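Trainee: Our numbering applies: residue 183 is where the sequence shown begins, and numbers increase by one.
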Amino acid sequence: MGTKSEIFRTANLLIEEYGEMAPVGANIRADQLRDRSDLAGRAVWLKIARAAEDLLCEVRPKDAKLH
């Protein structure tokens with residue numbers, strides 16, 4: 183996993199399951215992977231946490247385009 187679409191798909195699944203706590207859960211998973219010295223996995227889960235934060239954000243970014 184690591185493509186942008188996979189990251190956002192995973193973030194969306196976490197949001198469906200955990201709601202506003204999704205970014206926290208992704209960060210916890212990233213910490214678990216860090217503790218196992220899986221830095222590549224940690225990097226992916228940090229991206230997922232950021233994507234979940236972006237999806238939950240109520241403010242639209244300045245450069246975002248509505249489709």
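Note that CB positions come from ideal geometry on N, CA and C, so glycine has one too.
Owing to the predicted nature of the structure, the values given are computational and were not obtained by experimental measurement.
Looking only at C-alpha atoms, which of Ile210, Ile230, Leu195 sits nearest to Thr185?
Mentor: One-based indexing of the sequence shown puts residue 185 at position 3. Comparing Cα-Cα distances from Thr185 to each of Ile210, Ile230, Leu195, the minimum goes to Ile230.
Trainee: Helix, strand or coil for Val241, going by three-state DSSP, please let me know.
Mentor: The count along the sequence shown starts at 1 and reaches residue 241 at position 59. Residue state, collapsed to three classes: coil.
Trainee: As a quick exercise: from Met203, Thr192, Leu228, Val241, pick the residue whose alpha carbon is nearest that of Gln214.
Mentor: As a first step, residue 214 is located in the sequence shown; it is residue number 32 there, counting from the start. Ranking Met203, Thr192, Leu228, Val241 by Cα distance to Gln214 puts Leu228 first.
Trainee: Let me make sure I understand the geometry here. Which of Ser187, Glu188, Ala234, Ala222 has the alpha-carbon closest to that of Tyr200?
Mentor: Counted from its first residue, the sequence shown places residue 200 at position 18. Comparing Cα positions, the closest option is Ala234.
Trainee: Helix, strand or coil, according to DSSP, for Gly184 in the structure here?
Mentor: As a working note, residue 184 is residue 2 in the sequence shown. Gly184: coil per DSSP, three-state reduction.
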